[in-house]
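Protein chains: 2
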Amino acid sequence: MRHDVRVITTMQHGPRPADFTDVRATNLAVVLRYARANAPCSRADIAAATGLNKATVSSLVADLIDRRMLRETGLTEHRIGRPATQLVLDGSPYAAIGLEVNADYMTAVAIDLAGVQLLSWRRSFTGLDATPNQAATAIAALGRRAVSRMVKEGRKVLGLTVGVPGLVCADGIVRFAPNLGWRDVDLRASVTRALGEPDYPVTVENDANLAVLAESRYGSFTGTANLVYLTGEVGIGAGIISGGRLIRGARGFPGEIGHLAVDPRDRQCGCGRRGCLEAAAGISALIAAAMPDAGQVSDLEPEVAELVRRARSGDKTALDALTEAGRAIGHGVSILGNLLDPEVVVLGGYFVPLAPWLLPAANEELAARSVEPDHTATLAASTLGHGAAATGGAATILDHVDAGYLPHLSR
Amino acid sequence: MRHDVRVITTMQHGPRPADFTDVRATNLAVVLRYARANAPCSRADIAAATGLNKATVSSLVADLIDRRMLRETGLTEHRIGRPATQLVLDGSPYAAIGLEVNADYMTAVAIDLAGVQLLSWRRSFTGLDATPNQAATAIAALGRRAVSRMVKEGRKVLGLTVGVPGLVCADGIVRFAPNLGWRDVDLRASVTRALGEPDYPVTVENDANLAVLAESRYGSFTGTANLVYLTGEVGIGAGIISGGRLIRGARGFPGEIGHLAVDPRDRQCGCGRRGCLEAAAGISALIAAAMPDAGQVSDLEPEVAELVRRARSGDKTALDALTEAGRAIGHGVSILGNLLDPEVVVLGGYFVPLAPWLLPAANEELAARSVEPDHTATLAASTLGHGAAATGGAATILDHVDAGYLPHLSR
DNA sequence: TTTGTTTATTCGCCAGACGAACTAAATCTA
DNA sequence: TAGATTTAGTTCGTCTGGCGAATAAACAAA
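Taken in sequence, the protein lines are chains A and B.
Quick note, in the numbering used here, the first sequence goes up one by one and the last residue is 552.
Quick note, in the numbering used here, the second sequence goes up one by one and the last residue is 552.
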């Protein structure tokens, strides 16, 4: 006797009953996701692939066309049988906006419903010099500019998400962001107010979490169900997707990989302890070790560029420091790997330009420390650039739509 | 404008459309779970608490009574208004069976649908002395005895799950179980055959995963959404529940905490590396360090009892070894805690009787190594005893029912 | 007894998925 | 060129099952 071991993911343990609108929402989302992944496609394709009845698919597609989420393009040609009307995702009437604040820059990204990037702005910003209030005002202003651009282009904004390098509660309050000097900042309230209490949801989220979501949707390892993203900023944090879902932890504090003890040199860390990953491979620490002549650094971007130059030219101090940081990263990733068994660990932020020198040492250390050296996680540099968290912020909004929360008809 | 941030958990990204039977299954499960948590309760209670219509609840309850999953008991008395008919979970017609093989014993547990334990058998068994085939035969025989007992008592068996200390594929093949000496053993096939190709599902699963599920259903921290269980057997493995879901990893290899480097003494481990947690706190290593006079140990249970005696009497060697093992555990848990941020880490297996001596050192080390010392995970000893994995195996079957896969009417 | 309160069932309504039959529009074949 | 074949999409009737309102039932309090 066969057993269908597929698990109903329908409901968690909350007492959430279902009714017919849930069926409809679920099926609309099924069609939408299929179209996103397989466009252009016909109604018949969708019916065949999803198992939905042809009549049902027609009804669902009509609904999505009404909402301007799908669009009919041409017909198929030169095929036997009646030609199929091709459907494509019509992303253009909608926009999702992601913002990011970090210690040294701010980013805004907007994408349409189809995931096409509509804008990508970056401005440098020294977070530690500003009060939380000033920073909130600045990020809100950036968000407002992005929103008004979208509105001007005739798009309906579906939502706006802000990424912050720190601990964020579900209610949008930033509990603690050491590299910004924030504590208990109600960023969501500030941004919502600055945007004039908009009718779309405004969310605040940890930057590593957003980055890993971006990576899973737009990175080189799209669709990987077990994925980790390491932020390579001043601090090092991990965003973790396991079983296709973001790990949030009990208090919103997972992914604190930056203060694992992995540094054989046992350097002093800003957190008060010794030997932390951040003290060995955090970008400030790395620059200090690789370019001891550099002195106090304020703007990191040119320093990293200089470090790349030195590494290219074979500067021994730089190469040694990079190797050692790579080893520390490999050690950290091996711990992650043994506990969580991800397919891929993506290095982001400033680690990306430095990856050619970090990865070999990291991979070596990773292999040496894995329980199953044949089955270690793949280490790779992100291809998304610095906007990863902002892109991820926008992506969460699309995820929400894809999960069945469709935007209402625009009248 | 308010936003409903509740996330539809209805569907994952697979193209699984929904129809009316899903609505029915979802709502039956909602009622069942409510009754499990709040029995005795009336139809009106259920309607009020779940938001389902009273008429719908009546229909759902009738269905569950038909299936003999609910039962009407008396009426409420001495209350204003019409008295309510009380409903209770009627677990007795159904049984779920969990088995466990370990290096030194085998366990069988059966529970009814209401979670009442129906039997709990334990027999010692030296796994390494037997061939995988002999072991599979032995565990299957134990399972068969449990099943026939249940059938004799007039219960319908809902499923049988076997826990194994090792890597198990989704198809029930044990890829690797070092402490049993197994590699690529198709345990599910063996057990299924021995049971005569039954019409209920037979599943094989990692023991730590089952134990953490048991802990989340029946332990002292029931309902905790972020929970870790550490097996304290010959090996040390972690079962991880995060966000209410079991972490499975990419290759089924998560929770490999036993080989993290946490031992300051850097002892040689059986895995070939040095300084592993298992080499510092695994029960065999711990006994060797705490009772250097003990020599080669075959049966662990009396040795652990002896160790408890010595610790009670203040034996310095024993206490020092326990403190050191506790520190190693605390270090390992701190790593887990920083990466996953669980509410609770439960120590199981042989750690339970030793907990009074392990926990103080472990907690101390944990606090010292946590990023947020005020918010560390709670460390506690399991209250479930050695049958945790077997109980968890039975619990997975109830979970499956609770998730909406109701048993069919017995005709 | 009457009134009020709470419980549970009955009944009609309606959303929406499904299957079958049907129409539509192409290519293939004789 | 006229079917025949093939594939696409719609129409229509059926059926499942949740919902709201009305109703019956059963008790306490006045």
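Virtual Cβ for every residue (Gly too), placed ideally from N, Cα, C.
Just reading off the beta strand (DSSP E) that residue i is part of, what are its end residues?
| i | result |
| --- | --- |
| B:LEU216 | 211 to 216 |
| B:SER261 | 258 to 265 |
| A:ALA318 | 315 to 318 |
| B:GLY239 | 235 to 242 |
| A:ALA252 | According to the sequence shown, residue 252 of chain A is Ile rather than Ala. A:ILE252 -> beta strand (DSSP E) spans 246 to 253. |
| A:THR226 | 226 to 230 |
Could you give the first and the last residue of the continuous alpha helix (DSSP H) run that contains residue i?
| i | result |
| --- | --- |
| B:ASP302 | Before going further, note that residue 302 of chain B is Thr rather than Asp in the sequence given. Looking at the DSSP string, B:THR302 is not in any alpha helix (DSSP H); the run it does join, the beta strand (DSSP E), is 297 to 305. |
| B:TYR114 | No information on residue 114 of chain B is available, as it lies outside the stretch 142 to 552 that chain B covers here. |
| A:VAL198 | 195 to 207 |
| B:ASP270 | Note, B:ASP270: premise wrong, no alpha helix (DSSP H); not H, not E. |
| A:ASP325 | It is not in any alpha helix (DSSP H) - A:ASP325 instead sits in the beta strand (DSSP E) that spans 323 to 326. |
| A:TYR175 | 161 to 179 |
| B:SER183 | From DSSP, B:SER183 is part of no alpha helix (DSSP H); its letter is neither H nor E. |
| B:LEU427 | 424 to 431 |
Check each candidate in the options and name the one with the smallest Cα separation from residue i.
| i | options | result |
| --- | --- | --- |
| A:GLY364 | A:SER383, A:ALA349, A:ALA330 and A:GLY373 | A:SER383 |
| B:LEU133 | B:ALA431, B:SER183, B:HIS516 and B:ILE538 | Here chain B has residues from 142 to 552 only, and residue 133 of chain B is not among them. |
| B:TRP262 | B:HIS527, B:ALA544 and B:TYR359 | B:HIS527 |
| B:VAL296 | B:GLY337, B:ALA287 and B:VAL303 | Reading off the sequence shown, one finds Arg at residue 296 of chain B, where the question assumed Val. When only C-alpha atoms are compared, the closest one is B:ALA287. |
| A:ASP325 | A:ASP312, A:GLY337, A:THR333 and A:ARG334 | A:ASP312 |
| B:PHE95 | B:VAL449, B:ASN347 and B:LEU463 | Past the edges of chain B, shown from 142 to 552, lies residue 95 of chain B, and the structure says nothing about it. |
| B:GLU397 | B:ASP543, B:ARG453, B:PRO224 and B:ASN350 | B:ASN350 |
| A:ASN320 | A:VAL202, A:ALA544 and A:CYS412 | A:CYS412 |
| A:ALA518 | A:PRO234, A:GLY399, A:ASN367 and A:THR191 | A:ASN367 |
| A:LEU254 | A:SER233, A:ASN274, A:ALA271 and A:CYS310 | A:SER233 |
| B:PHE394 | A:ASP204, A:THR162, A:ASN479 and A:ALA502 | A:ASN479 |
| B:ALA544 | B:VAL172, B:GLU294, B:LYS457 and B:GLY489 | B:VAL172 |
| B:GLU442 | B:GLU294, B:ILE470 and B:ARG264 | B:ARG264 |
| B:ARG177 | B:PRO158, B:VAL229, B:GLN258 and B:GLY489 | B:VAL229 |
| A:ALA281 | A:VAL332, A:ILE476 and A:THR272 | A:VAL332 |
| B:GLY416 | B:ALA466, B:GLU213, B:GLU447 and B:ARG386 | B:ALA466 |
| B:HIS516 | B:ALA503, B:TYR546 and B:ASP482 | B:ASP482 |
| A:PRO181 | A:VAL542, A:LEU336 and A:ALA225 | A:ALA225 |
| A:ARG386 | A:VAL369, A:GLY373 and A:LEU401 | A:VAL369 |
| B:TYR491 | B:ARG408, B:THR372 and B:ALA355 | B:THR372 |
| B:GLU294 | B:LEU259, B:ALA276, B:ALA279 and B:ALA271 | B:LEU259 |
Closer than 7 Å by beta-carbon distance: list the chain B residues that pair up with residue i, in chain order.
| i | result |
| --- | --- |
| A:GLU484 | ALA391 |
| A:GLY192 | PRO158 |
| A:PRO395 | LEU480, LEU481 and ASP482 |
| A:LEU401 | ILE476 and ASN479 |
| A:ASN367 | GLY390 and ALA391 |
| A:VAL315 | Result: empty, since nearest Cβ-Cβ is about 15 Å, beyond 7 Å. |
Quick one: which chain A residues come within Cβ less than 8 Å of residue i?
| i | result |
| --- | --- |
| B:VAL375 | By Cβ distance, chain A contributes nothing, its closest Cβ being about 15 Å from B:VAL375, past 8 Å. |
| B:HIS516 | ARG392 and PHE394 |
| B:VAL309 | Near B:VAL309 there are no residues of chain A at all, since even the closest Cβ is about 13 Å away, more than 8 Å. |
| B:VAL292 | The premise fails here: B:VAL292 is roughly 17 Å from chain A at the closest Cβ pair, so nothing lies under 8 Å. |
| B:VAL250 | The contacting residues do not exist; B:VAL250 stays about 21 Å from chain A at best. |
Taking C-beta pairs closer than 9 Å, name the residues in chain A that residue i reaches, listed in chain order.
| i | result |
| --- | --- |
| B:CYS412 | VAL512 |
| B:VAL353 | By Cβ distance, chain A contributes nothing, its closest Cβ being about 13 Å from B:VAL353, past 9 Å. |
For a contact meaning CB atoms closer than 9 Å, what does residue i contact in chain B?
| i | result |
| --- | --- |
| A:SER200 | In chain order: nothing, as chain B lies at least about 12 Å away. |
Just the chain A side, please: which residues come within less than 7 Å of residue i by C-beta, in chain order?
| i | result |
| --- | --- |
| B:ASN350 | Per Cβ cutoff of 7 Å: no residues; B:ASN350 is ~12 Å from chain A at best. |
| B:VAL257 | Those do not exist, as B:VAL257 stays about 20 Å from chain A at its closest Cβ, beyond 7 Å. |
| B:VAL326 | Simply none; closest approach about 18 Å. |
Note down, in chain order, every chain B residue with its Cβ under 8 Å from the Cβ of residue i.
| i | result |
| --- | --- |
| A:ARG386 | GLY384 and ARG386 |
| A:ILE398 | ASN479 and LEU480 |
| A:VAL242 | Per Cβ cutoff of 8 Å: no residues; A:VAL242 is ~21 Å from chain B at best. |
| A:VAL542 | Going along chain B, no residue has its Cβ under 8 Å from A:VAL542, so there is no contact; the nearest lies around 11 Å. |
Legend entry - Three-pair Cβ contact test at 8 Å for the stretch 409 to 426 of chain B versus the stretch 367 to 383 of chain B: yes
Inset, instruction - Scan the stretch 451 to 492 of chain A and note each continuous beta strand (DSSP E) run of 3 residues or more that stays entirely inside, going in chain order. - result: 485 to 488
Legend entry - Complete runs of the beta strand (DSSP E) confined to the stretch 341 to 420 of chain A [at least 3 residues]: 343 to 347, 368 to 371 and 379 to 383
Legend entry - Inter-stretch contact (C-beta, 8 Å, three-pair minimum) for the stretch 501 to 510 of chain A and the stretch 507 to 518 of chain B: no
Legend entry - 3-residue-minimum beta strand (DSSP E) runs that sit fully inside the stretch 501 to 528 of chain A, ordered along the chain: 519 to 522
Inset, instruction - Tell me, please, whether the stretch 236 to 248 of chain B touches the stretch 203 to 220 of chain B by the rule of three or more beta-carbon pairs shorter than 8 Å. - result: no
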